[in-house]
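J.: Below you will find the structure I want to go over with you.
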Amino acid sequence: MKETIFLKLLTLPKQPTEELLEMYKNKYEDYKDLQDLESVFLSESAANPLFGKIHSVTLGFVNNGMLRVQILKGTEESVLTELLNILNNSSSYSVATWNAAFTLPFVTTRMAANNLSMSILPPSLNHLGMRPWNLKQTISVSEYVQGIGWFKSTLLEHAYNLGIDHNIIEGEDVYKAFLAGKTQELDDSEVDYIKTLVNVYYSFTGEDKIFASEVTVKVLDEDVEVEEKPLLQKLMSLGNFTTEIQEEIKELIGKKKLSKNDKNNIESLLLSVYQQKGDKKAVKQKKEEEITNFVKEL
Numbered sequence: 246m247k248e249t250i251f252l253k254l255l256t257l258p259k260q261p262t263e264e265l266l267e268m269y270k271n272k273y274e275d276y277k278d279l280q281d282l283e284s285v286f287l288s289e290s291a292a293n294p295l296f297g298k299i300h301s302v303t304l305g306f307v308n309n310g311m312l313r314v315q316i317l318k319g320t321e322e323s324v325l326t327e328l329l330n331i332l333n334n335s336s337s338y339s340v341a342t343w344n345a346a347f348t349l350p351f352v353t354t355r356m357a358a359n360n361l362s363m364s365i366l367p368p369s370l371n372h373l374g375m376r377p378w379n380l381k382q383t384i385s386v387s388e389y390v391q392g393i394g395w396f397k398s399t400l401l402e403h404a405y406n407l408g409i410d411h412n413i414i415e416g417e418d419v420y421k422a423f424l425a426g427k428t429q430e431l432d433d434s435e436v437d438y439i440k441t442l443v444n445v446y447y448s449f450t451g452e453d454k455i456f457a458s459e460v461t462v463k464v465l466d467e468d469v470e471v472e473e474k475p476l477l478q479k480l481m482s483l484g485n486f487t488t489e490i491q492e493e494i495k496e497l498i499g500k501k502k503l504s505k506n507d508k509n510n511i512e513s514l515l516l517s518v519y520q521q522k523g524d525k526k527a528v529k530q531k532k533e534e535e536i537t538n539f540v541k542e543l
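When the letters of the sequence shown are read in order and numbered with the numbering used here, they come out as residues 246 to 543.
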């Protein structure tokens, strides 16, 4: 089985300012009872990246029957930056999360809110402009175990069905535990969640369940530096020939006068990483036109 990093976000509501509460009300007033607006916001908004934020990230990796878990804490920006650095340095790994449709957009939305460039997004978290079947390095465990079934079960329902014991704090109880200062209980819950996620997944893939775990908690400084990806890796992982990438190429070339042969080599190199194996004919043609038009102007 391909090596996999298991991922869990712990999200909390943002501070309920008057402006944020008004936006929340406008979005949900047709669907929720908002008589006690602030109370509903604090108990439910952590599930939406516009109104919630990432408090910590928990990563799990199985090695020789041992589950190694790392919890990343700090400012949201530092936690996100460290997560991106870890996954970019583990580019051959798949990332497994319970619900990729929640986790991936939450990460990218909070990246944008923290002014983190999408050019540093690792392939395993990149969903931008994609459909679920285009995700090559992401495992949405809920979708995997559901298969073609019409019914959906939660992670904890699967755990109950499989006889997997756990002590997971979920829903609005997470914020209550945070307010009560139950840091250790929340950490234990996140570790238990990762272990449960691994064992539910392994129950369906035929792998042996994991019982032993080793946990480290990493509290990050505010100024974690982004480890910049090489230019071609950016293009490959983003799958988008952005203005930022184009400007970086122009800067690298500088004032050098390019021969026809130089341009042909540049075009071939860019296309070799930009066009993907799974691209349809129309997509490949569109990408080729983008690169050809760009190179002509160099």
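Note that CB positions come from ideal geometry on N, CA and C, so glycine has one too.
Which one of Glu289, Lys253 and Asn271 has the shortest CA to CA distance from Tyr420?
T.: Glu289
J.: Which one of Ile409, Glu321, Val462 and Thr428 has the shortest CA to CA distance from Asn444?
T.: Ranking the options by Cα distance to Asn444, first place goes to Ile409.
J.: Is it true that the stretch 351–371 meets the stretch 327–334, where meeting means three or more beta-carbon pairs spaced less than 8 Å apart?
T.: yes
J.: Does the Cβ of Gly416 have 16 or more other Cβ atoms within 10 Å, making it buried, or fewer, making it exposed?
T.: exposed
J.: Is the beta carbon of Val386 closer than 8 Å to that of Ser442?
T.: Position check: residue 442 holds Leu in this sequence, whereas Ser was assumed. For Leu442 and Val386, yes; Cβs fall inside 8 Å.
J.: Between which two residues does the beta strand (DSSP E) carrying His300 extend?
T.: Gly297 to Asn308
J.: Using beta-carbon positions only, say whether Gln315 and Thr461 come within less than 8 Å of one another.
T.: yes
J.: For the putative contact between Thr249 and Ser339, defined by C-beta atoms under 8 Å, what is the C-beta separation to the nearest angstrom?
T.: 5 Å
J.: When you compare each of Gln521, Ala527, Glu533 and Lys529 to Asn379 by their alpha carbons, which one comes out closest?
T.: Sorting Gln521, Ala527, Glu533 and Lys529 by C-alpha distance to the C-alpha of Asn379 places Gln521 at the top.
J.: Between which two residues does the beta strand (DSSP E) holding Gln315 run?
T.: DSSP places Gln315 in the uninterrupted beta strand (DSSP E) bounded by Met311 to Lys318.
J.: Under 8 Å, with one C-beta from each stretch per pair, do the stretch 354–365 and the stretch 396–414 reach the 3-pair mark?
T.: no
J.: Please report the straight-line C-alpha distance between Val307 and Thr354, rounded to a whole angstrom.
T.: When rounded, the distance between both Cα atoms is 29 Å.
J.: Would you mind giving the Cβ-Cβ distance between Ile299 and Thr262, rounded to the nearest angstrom? I have them listed as a contact below 8 Å.
T.: Rounded, the Cβ-Cβ distance is 19 Å, inconsistent with contact.
J.: For Leu282 and Glu267, what's the separation of their Cα atoms in angstroms?
T.: The alpha-carbon atoms of Leu282 and Glu267 are separated by roughly 9 Å.
J.: Residues in its own chain within less than 6 Å of Ile536 by CB, not counting five upstream and five downstream?
T.: Glu512, Leu515 and Leu516
J.: What are the complete alpha helix (DSSP H) segments, minimum 4 residues, inside the stretch 386–450?
T.: 386–391, 400–407, 417–424 and 428–450
J.: Using the three-state DSSP reduction, which class does Leu252 fall into: helix, strand or coil?
T.: strand
J.: Using CA coordinates, which residue listed in Val518, Val540 and Glu489 is at the minimum distance from Asn229?
T.: In the structure displayed, the chain extends from 246 to 543; residue 229 sits before or after that span and is not available.
J.: Give me the Cα-Cα distance between Ile498 and Glu534, rounded to the nearest whole angstrom.
T.: 21 Å
J.: Lys259 by DSSP, collapsed to three states: which one?
T.: coil
J.: Starting from Lys463, trace the beta strand (DSSP E) both ways and give me its first and last residue.
T.: Ala457 to Val464
J.: When we look at the beta-carbon of Glu274 and count the other beta-carbons within 10 Å, is it buried (16 or more) or exposed?
T.: exposed
J.: Within this structure, are the beta carbons of Ile384 and Ala341 separated by less than 8 Å?
T.: yes
J.: Threshold first: 3 residues or longer. Then list the beta strand (DSSP E) segments lying entirely within the stretch 344–385, N to C.
T.: As far as the stretch 344–385 is concerned, its whole beta strand (DSSP E) runs of at least 3 residues are 383–385.
J.: Leaving aside the five residues before and after Asp437 along the sequence, list all residues of the same chain whose C-beta is less than 8 Å from its C-beta, in chain order.
T.: His411, Asn412 and Ile413
J.: Out of curiosity, what's the CA-to-CA distance linking Glu322 and Met356?
T.: 8 Å
J.: Just curious, the beta strand (DSSP E) that Thr537 is in, first and last residue?
T.: Looking at the DSSP string, Thr537 is not in any beta strand (DSSP E); the run it does join, the alpha helix (DSSP H), is Lys526 to Lys541.
J.: Following the continuous alpha helix (DSSP H) through Ser284, name the residue where it begins and the one where it ends.
T.: Leu282 to Glu289
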